[in-house]
Amino acid sequence: MEGGPRFVRPALSVRSQGVRGTEWRFERGEVTDAGAELQLHFHDPLHHLALTLHYRMRDDFDVVERWTTAAHAGGPDDTPLELLRIDSAAWSLPARDRWRLTHLYGRWAAESRLVRADLTPGEKVLGSRRGHTSHQHLPWIALDGGEATEEHGEVHSCALAWSGSWRIAVQQLPIGAVQAVGGVGHDDSGQLSLAPGESFTTPVFAGLWTDGGFGAASRAWHAWQLAQVIPGADRHRPVLYNSWEATFFDVSEEQQRKLARRAAEMGVELFVVDDGWFGARTNDRAGLGDWTPNPDRFPGGLKPLADEVHALGMQFGIWVEPEMVNADSDLYRAHPDWVQHHPGRTRTEFRNQLVLNLARPDVREHLWERLDTLLSSAPIDYVKWDFNRSFSDAGWPGDPYPQRLWIEHVRGLYELLGRLRAAHPGVAFESCSGGGGRIDLGVLSLTDQVWTSDNTDPLDRLAIQHGFSQLHPARVMAAWVTDTPNAMGSKRITSLRFRFISAMAGVLGVGGDLSRWSEEELAEARDWVALYKRIRPVVQHGELYRLRPPGDGGLSAVQYVRGEETVVLAWLHAQTLGERQPALRLRGLDPESRYEDLETGEVHRGAVLSHHGLETGLRHDLDAAVFRLRQI
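So for the sequence shown, my numbering puts the first residue at 839; every next one is plus one.
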């Protein structure tokens, strides 16, 4: 807390009538939620501020959820309280000879790259100033004493459930102890103003400890999210086809019908029409914000296409970007005041887009009406919800405390998503933000999966997926097979086999131009889709073991275990000097049991697979293999 002889970074900073700092008096502690939650209540008599620290732990999980509630407890004549900053929690770790920090960094099309480095005296600050989680960092860290490995050693880890700007500050104190403070917002300049009777509850800043290394930490995070965070996580996510790379903005109903027929022949379960189906959306300069089907492209609306997709045995999905608007749109022409902007300043466009101010109730109500009407107009099963630009003009003219936009926009997003989910319980939602720009525990509590990265190069994806898996499970990690050479910077040529096995590590999708695929390619793809459906229960719902990380060349592999079944995916990045690749030492097996390879019929002892390992047989650059084992 701020004030007094405390010199670490404060988790709470308050200002009232020019006075900062707090003096807390403990009131009481209580246990609620059938013993799962501890609440500690404090108050500051000068500010009339009531503070509650929340701690929740569930019996079957190793994750501790922490958050804070601040309330203005003064009378109606008292002045408002300004919350300059309110973090969710401060985690304090004991003194050690050495502390090492692990986190994820990146950029567009290169998200979730893992970095580990020793902490030195001072402070390391991670975060986002962009209004969304960002491609640059994910709100997750891990700390260890410098000796932890994938399967051994003490690891402390924490993650923030927030989809807007955020900050996690990690400080090594002179005595060797470490403090990790995390919460909403990127600075201390002011977040909210509380009038008497008003309160604010922060998002959860969850944490865990394990002595089983980074792998055990990930498995604990995954189990908790699948049970407590992700809606409907017990259900399988379908294999999808997305038509974006086949058509871009040149969309027509007949063309989509042809693609849908080819997708159905491959065994695809969900067909998605991406950008270009609505308004005057023939390019990225117009139409965004007008969520009605383009009458020239879809004369009867979306229902005829959706009906045919359903008749082909698939679900039907669409792409939207509700938080954005083009200046060349009916919505913007009618309501130019609805976008984030500063009075008297030029409105900055990125990707020809402006950001709608979801902190405004009238904006949220408009979006609710349009999206509810859209989802009611056709049998739509899935929505890909995109967010392609960051905040740059986060102003709110006329509001008495416009700074609150940074928080209230995100809370407005959560409200809108929650309302749509309640009204349309059969619709699944995917979070996308120009790839992996909005992936966090907050948005995952309201969506069914996330778009991991716009980079679909299968080799690049292995590193991105490796970082993603540190916190999040395969059940939400969308991964596509696209055309070769890949459209990303690498222009790398890869086999259909390598592309599919890379994407089978998560929620499988296909995004290539099927009109250009040969009959032989379609037949091979059909076999890969069928194989994925057989391993899907294990991949999406099993425990993950990262056997070998992706690196500079060589072999990488992951293993999934669920009950009696085990799936191993292995990739040889590059062959060097004809060297034989090492056997994969499997994890999570019973050493006394026997395991049958379901493809070859070979039987292996669990102890042999764990200590000697599984031979992959991979010999060539950019080759890959799938192994299915069952305990007998």
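We put the CB at the ideal spot given by N, CA and C, even for glycine.
Values in this document were obtained by computation on a predicted structure and should not be read as measured data.
Legend entry - Terminal residues of the beta strand (DSSP E) in which L952 lies: 951 to 956
Inset, instruction - Can you have a look at Q1213 and say buried or exposed, based on whether 16 or more other CB atoms are within 10 angstroms of its CB? - result: The displayed chain sequence assigns Leu, not Gln, to residue 1213. It counts as buried.
Inset, instruction - Provide the residue(s) that pair with N1080 in DSSP beta bridges, ordered along the chain. - result: V1110
Legend entry - Pick from Q1308, P1235, S972, D1088 that is closest to C1270, judged by C-alpha positions: S972
Inset, instruction - Excluding the 5 residues preceding and the 5 following E1359 in the sequence, name in chain order all residues of the same chain whose CB lies nearer than 7 Å to its CB. - result: L1334
Legend entry - Close beta carbons around L998, own chain, < 6 Å, minus the five adjacent residues each side: P977, W1004, G1020, F1043
Legend entry - Whole-angstrom distance between F1052 and V1464, CA atom to CA atom: 24 Å
Inset, instruction - Kindly indicate the opening and closing residues of the alpha helix (DSSP H) around D1298. - result: 1296 to 1306
Legend entry - Three-state secondary structure assigned by DSSP to H975: strand
Inset, instruction - Give every residue of the same chain whose Cβ lies closer than 7 Å to the Cβ of R1330, excluding the five residues on either side of it in the sequence, and list them in chain order. - result: D1295, L1297, P1323, N1324
Inset, instruction - Express the C-alpha separation of L1143 and R1364 in angstroms, rounding to a whole number. - result: 23 Å
Inset, instruction - Taking M1315 as part of the alpha helix (DSSP H), name the residues at either end of that continuous run. - result: Counting along the chain, M1315 falls outside any alpha helix (DSSP H), though it belongs to the beta strand (DSSP E) covering 1315 to 1319.
Inset, instruction - For H1458, count neighbouring C-beta atoms within 10 Å of its own C-beta (all shown protein chains included) and say buried if the count is 16 or more, exposed if not. - result: exposed
Legend entry - CA-to-CA distance, N1226 to Y1170, given in whole angstroms: 17 Å
Legend entry - Bridge partners - Q1017, DSSP secondary structure assignment: S930, Q1009
Inset, instruction - Using the Cα positions of E1453 and R1423, report the straight-line distance between them to the nearest angstrom. - result: 9 Å
Legend entry - Option in Y1433, A1071, S1394, T1404 with minimal Cα separation from P1420: S1394
Legend entry - Cutoff 6 Å; reference F1336; Cβ partners in own chain excluding five residues on either side: P1296, L1460, A1462
Legend entry - At least three beta-carbon pairs within less than 8 Å, the segment 1004 to 1018 to the segment 926 to 941: yes
Legend entry - Cut-off 8 Å between Cβ atoms - residues of its own chain near G1347, not counting five sequence neighbours on either side: V1077, L1078, Y1079, N1080, A1316, A1317, W1318, V1319, A1341
Inset, instruction - Check whether the Cβ atoms of G1426 and V1399 sit closer than 8 Å, and answer yes or no. - result: yes
Inset, instruction - Have a look at P1263, H941, A1343 and flag the residue whose alpha-carbon is nearest the alpha-carbon of H994. - result: H941
Legend entry - Counterpart residues of C996 in DSSP-defined beta bridges: I979, G1045
Inset, instruction - Take every Cβ of the segment 956 to 974, pair it with every Cβ of the segment 886 to 905, and state whether three or more of those distances are shorter than 8 Å. - result: no
Legend entry - According to DSSP, residues forming a beta bridge with S851: R923
Legend entry - For L1447 and P1263, the rounded distance between their alpha carbons: 44 Å
Legend entry - Spatially closest choice to Q974 from I1302, R1123, R866, S1283, by CA coordinates: I1302
Inset, instruction - Give me the Cα-Cα distance between E903 and T1039, rounded to the nearest whole angstrom. - result: 13 Å
Inset, instruction - Could you check the C-alpha separation between T890 and A927 for me, to the nearest Å? - result: 11 Å
Legend entry - V1281 - DSSP class collapsed to helix/strand/coil: helix
Inset, instruction - Just confirm the distance between the C-beta atoms of V869 and L876, as a whole number of angstroms; I'd bet it's less than 8 Å. - result: 6 Å
Legend entry - Through-space distance from E992 to L1407, alpha-carbon basis: 27 Å
Legend entry - For K1329, the three-state DSSP class (helix, strand or coil): coil
Legend entry - G984 versus P848: straight-line alpha-carbon distance, rounded: 27 Å
Legend entry - Nearest-angstrom Cα separation, counted from T1085 out to G1114: 9 Å
Inset, instruction - Could you say if the segment 1242 to 1261 and the segment 1190 to 1199 meet the contact criterion of at least three C-beta pairs nearer than 8 Å? - result: yes
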